[in-house]
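Numbering (this note's numbering), first residue to last: 6 to 64. Yeah, the Cβ is synthetic: ideal placement off N, Cα and C, and Gly gets one too. To start, the structure itself, in structure tokens.
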């Protein structure tokens, strides 16, 4: 949907943006949640040119 004629304040448009967090940030959150619950769980994210592979390391 377009903000025709700038009818909506730019600050409101920015705050309503639905941009997803990066994969790195999502995994950082998951690691913090696991740590806070006493679970030894770590994820390393390996990104190549054409494939994203998620490797879970259980410690």
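Original post:
Leaving out the 5 sequence neighbours to the left and right, which residues in its chain are closer than 7 angstroms to residue 8 when beta-carbon positions are compared?
Top reply: 18
**OP:** Quick one: residues in its chain with C-beta nearer than 8 angstroms to the C-beta of residue 2, no 5 flanking neighbours on either side, listed in chain order?
**Re:** The structure shown does not extend to residue 2, since the chain is modelled only from 6 through 64, so no value can be given for it.
Original post:
What did DSSP end up calling residue 39 once you bin it into helix, strand or coil?
Top reply: In the structure shown, residue 39 falls within a helical segment according to DSSP collapsed to helix, strand and coil.
Subject >> Spatial distance of residue 21 from residue 31 (CA atoms) >> reply: Cα to Cα, residue 21 sits roughly 20 angstroms from residue 31.
**OP:** Look at the alpha carbon of residue 43 and the alpha carbon of residue 13, and state the distance between them as a whole number of angstroms.
**Re:** 45 angstroms
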